[in-house]
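J.: Right, I'll just put the structure down here and ask away after.
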Amino acid sequence: MATLLEKARAGEITPEMEAVAGLEGLDPEKIRRGIEDGTIVIVSGHGRSDHATGIGKGLRTKVNASIGTSSDLADLKLELGKASVAREAGADTLMELSTAGDLDDIRRRVLAAVPLPVGNVPLYQASTDAAARLGSNMEMTADFLFELVARQAADGIGFMAIHCGVNRLTLETLRSQGGRSGGLVSRGGAFMSAWMTHHDCENPLFDQFDRLVEILHEYDVVLSLGNGMRAGATADATDKAQIQELLINAQLADRARQAGVQTMLEGPGHIPIDEIEANVILEKRLSGGKPFYMLGPITTDIAPGYDHITAAIGSAWAAAYGTDFICYVTPAEHLGLPFPEDVRQGVIAARIAAHVGDMIKLGRRQRDFEMGEARRSLDWEAQFALALDPDGARAVRDLRPGSESDGCSMCGDQCALKVGSSAIAPICR
Ligand code: SF4
Numbered sequence: 022m023a024t025l026l027e028k029a030r031a032g033e034i035t036p037e038m039e040a041v042a043g044l045e046g047l048d049p050e051k052i053r054r055g056i057e058d059g060t061i062v063i064v065s066g067h068g069r070s071d072h073a074t075g076i077g078k079g080l081r082t083k084v085n086a087s088i089g090t091s092s093d094l095a096d097l098k099l100e101l102g103k104a105s106v107a108r109e110a111g112a113d114t115l116m117e118l119s120t121a122g123d124l125d126d127i128r129r130r131v132l133a134a135v136p137l138p139v140g141n142v143p144l145y146q147a148s149t150d151a152a153a154r155l156g157s158n159m160e161m162t163a164d165f166l167f168e169l170v171a172r173q174a175a176d177g178i179g180f181m182a183i184h185c186g187v188n189r190l191t192l193e194t195l196r197s198q199g200g201r202s203g204g205l206v207s208r209g210g211a212f213m214s215a216w217m218t219h220h221d222c223e224n225p226l227f228d229q230f231d232r233l234v235e236i237l238h239e240y241d242v243v244l245s246l247g248n249g250m251r252a253g254a255t256a257d258a259t260d261k262a263q264i265q266e267l268l269i270n271a272q273l274a275d276r277a278r279q280a281g282v283q284t285m286l287e288g289p290g291h292i293p294i295d296e297i298e299a300n301v302i303l304e305k306r307l308s309g310g311k312p313f314y315m316l317g318p319i320t321t322d323i324a325p326g327y328d329h330i331t332a333a334i335g336s337a338w339a340a341a342y343g344t345d346f347i348c349y350v351t352p353a354e355h356l357g358l359p360f361p362e363d364v365r366q367g368v369i370a371a372r373i374a375a376h377v378g379d380m381i382k383l384g385r386r387q388r389d390f391e392m393g394e395a396r397r398s399l400d401w402e403a404q405f406a407l408a409l410d411p412d413g414a415r416a417v418r419d420l421r422p423g424s425e426s427d428g429c430s431m432c433g434d435q436c437a438l439k440v441g442s443s444a445i446a447p448i449c450r
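Convert by adding 21 to the 1-based position in the sequence shown; the result is the number in the numbering used here.
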């Protein structure tokens with residue numbers, strides 16, 4: 022069956038393209054052209070076309086929330102609760118990244134519960150299942166991995182972060198540059214590097230790339246070329262290993278698209294603010310403008326407990342420069358598996374960052390303009406309606422004394438806006 026990319030090339034506007042156009046307020050032909058030229062992807066998943074979401078040039082910056090069990094905390098109910106909180110808080114997509122428990126069952130339960138496109142990282146389950154079934158994750162074989170990818174795709178996973186660019190050349194680049202200050206922090210990248218070193222062989226996801234692409238084509242899964250060499254410390258940002266992997270991924274992205282598979286590229290990671298623009302420019306130039314999915318970027322290493330903020334700062338800049346898709350970071354980052362409240366805070370922080378970026382990238386300022394007007398007229402209901410987190414805003418106001426008055430407890434009876442509404446009105450309007 023033809024993929025969305027092949028249909029776009031044939032000039033067909035599909036229901037998914039119509040749906041994305043409606044959500045974005047754009048002409049469906051613009052979406053079709055974006056898919057055809059590779060600057061837009063639509064993620065949905067096999068049998069999940071009702072959940073189509075567009076990512077790419079000219080579209081609102083999208084926010085992903087990741088959930089998933091770990092060997093220290095494997096509670097399906099908790100993860101389903103987090104998925105629900107992520108959706109309610111406004112996440113556009115979900116990544117199911119469990120590494121403990123019955124992973125096929127967890128994936129199917131999450132897919133059934135969440136009306137969002139769901140992505141994953143196949144290597145996580147490959148490592149977990151190989152350890153459980155074959156005695157060690159080093160016993161994973163290429164066949165084991167590709168059969169798993171096909172099973173995940175058939176279940177309805179819409180986009181897969183796949184670490185094809187962690188190959189012999191990338192690892193040699195890492196070795197010759199003298200390693201990393203912060204080590205390897207990508208779980209998929211670290212596992213594949215260890216597996217390749219253990220077997221002294223090439224990465225099957227690179228070596229048998231055409232086999233991978235054939236599976237993704239069959240289920241029309243978006244290939245998200247993973248960033249296994251992303252920096253986990255700002256000292257390592259934009260180093261040779263990261264750029265080497267990006268070069269390889271850019272070449273693989275062209276091959277995937279030639280085979281009819283929609284593709285985006287992933288990027289780092291921990292990046293000082295003054296290197297974010299360069300990272301976006303490099304991805305866009307080398308890939309020919311394909312959608313960029315940034316993980317973070319986290320802009321300082323020294324704020325554990327507040328990394329939803331360090332990442333929101335970075336993602337706002339990244340989105341403004343052209344990043345299309347950002348992965349949320351929660352306050353629990355670097356400290357532990359997130360709880361539902363961490364997920365909520367992470368999604369809200371990422372949505373703020375995406376909007377701040379879109380104010381620049383897409384000139385989306387109407388809502389801010391309306392908020393300014395609502396504030397000036399002390400119209401609290403309008404302010405809540407315009408807020409990115411209406412319930413959170415209302416809760417803050419309701420907790421303080423004076424919430425029955427026009428103004429608020431910040432200035433009390435010296436409310437500048439009340440003064441302005443009378444004495445200064447003639448010169449302020
Ligand atoms: S009291 Fe102060 S902060 Fe509150 S609405 Fe008036 S000017 Fe704004």
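Note that CB positions come from ideal geometry on N, CA and C, so glycine has one too.
Just to check, is the beta-carbon of K5 closer than 8 Å to a non-hydrogen atom of the ligand SF4?
T.: Past the boundaries of the shown model lies residue 5; the chain is included only from 22 to 450, so the question cannot be answered.
J.: Cutting at 6 Å between CB atoms, please list the residues of its own chain near A112, excluding the five before and the five after it.
T.: On the sequence shown, position 91 is the one that residue 112 refers to. For A112, where only same-chain residues beyond five positions count, the Cβ hits under 6 Å are V84, A86, V368.
J.: Taking 8 Å as the cut-off, does the region 129–140 touch the region 358–367 (at least 3 CB pairs, one atom from each stretch)?
T.: These segments do not touch.
J.: Would you call the region 286–303 and the region 242–260 in contact, with 3 or more CB pairs under 8 Å?
T.: Short answer: they touch.
J.: Please report the straight-line C-alpha distance between G179 and L26, rounded to a whole angstrom.
T.: The count along the sequence shown starts at 1 and reaches residue 179 at position 158. The count along the sequence shown starts at 1 and reaches residue 26 at position 5. So the two alpha carbons sit approximately 14 Å from each other.
J.: Compute the minimum distance between the beta carbon of Q435 and the heavy atoms of the ligand NAD, and state whether it is under 8 Å.
T.: Ligands present in the displayed structure are limited to the ligand SF4, and the ligand NAD is not among them.
J.: Using 8 Å as the cut-off, classify the Cβ of L132 as near or not near the heavy atoms of the ligand SF4, replying yes or no.
T.: Taking the first residue of the sequence shown as position 1, residue 132 is located at position 111. For the ligand SF4, not one heavy atom lies less than 8 Å from the Cβ of L132.
J.: Indicate, with yes or no, if the ligand SF4 has a heavy atom lying under 8 Å from the CB of C432.
T.: Stepping through the sequence shown from its first residue, residue 432 is reached at position 411. Checking every heavy atom of the ligand SF4 against the Cβ of C432, one is found closer than 8 Å.
J.: Does the structure place the region 320–338 close enough to the region 25–44 that three or more beta carbon pairs sit under 8 Å?
T.: With a cut-off of 8 Å, the region 320–338 and the region 25–44 do not count as touching, because too few Cβ pairs lie within range.
J.: Once the 5 residues before and after V164 are set aside, which same chain residues still bring their CB inside 7 Å of it?
T.: Reading the sequence shown from its first residue, position 143 is the one you call residue 164. Reading the sequence as shown, one finds Asp at residue 164 and not Val. Cβ neighbours of D164 beyond the five flanking positions: none.
J.: With a cut-off of 8 Å, do at least 3 Cβ pairs link the region 228–246 to the region 269–285?
T.: Contact between the region 228–246 and the region 269–285 is present, because at least three Cβ pairs lie under 8 Å.
J.: Give the straight-line distance between the Cα atoms of S398 and M431, rounded to the nearest whole angstrom.
T.: Taking the sequence shown and counting its residues from 1, the one referred to as residue 398 is at position 377. Taking the sequence shown and counting its residues from 1, the one referred to as residue 431 is at position 410. Computed Cα separation, rounded: 16 Å.
J.: Would the C-beta of R396 count as close to the ligand SF4, meaning under 8 Å from any of its heavy atoms?
T.: Position 375 of the sequence shown holds residue 396. Yes, the beta carbon of R396 sits closer than 8 Å to at least one heavy atom of the ligand SF4.
J.: Can you round the beta-carbon distance between G89 and E117 to whole angstroms, since I take them to be within the 8 Å contact cut?
T.: By 1-based counting over the sequence shown, the position of residue 89 is 68. By 1-based counting over the sequence shown, the position of residue 117 is 96. That belief holds up - the Cβ atoms of G89 and E117 are roughly 6 Å apart, short of 8 Å.
J.: Does the distance from the CB of I347 to the CB of T24 come in under 9 Å?
T.: Counted from its first residue, the sequence shown places residue 347 at position 326. Counted from its first residue, the sequence shown places residue 24 at position 3. It is not a contact, given that the beta carbons lie outside the stated cut-off.
J.: Below 8 Å CB to CB, which residues in the same chain sit around G102 once its five sequence neighbours on both sides are set aside?
T.: Your numbering for residue 102 matches position 81 in the sequence shown. So the qualifying residues of the chain are P361.
J.: Counting Cβ pairs, one atom from each stretch, are 3 or more of them under 8 Å apart for the region 186–197 and the region 261–269?
T.: Output reads yes: the region 261–269 touches the region 186–197.
J.: Between which two residues does the alpha helix (DSSP H) carrying L286 extend?
T.: For the purposes of this step, residue 286 is taken as the residue at position 265 of the sequence shown. Segment 284–288 is the beta strand (DSSP E) holding L286; no alpha helix (DSSP H) there.
J.: Quick check for students: name the residue ranges of the beta strand (DSSP E) that lie wholly in the region 34–88, counting only runs of 3 or more.
T.: Listed in chain order, the complete beta strand (DSSP E) runs (minimum 3 residues) inside the region 34–88 are 61–64, 74–77, 83–88.
J.: Q198 to A262, Cα distance in whole Å?
T.: Start at 1 with the first residue of the sequence shown, and residue 198 comes out as number 177. Start at 1 with the first residue of the sequence shown, and residue 262 comes out as number 241. Whole-angstrom Cα-Cα distance: 8 Å.
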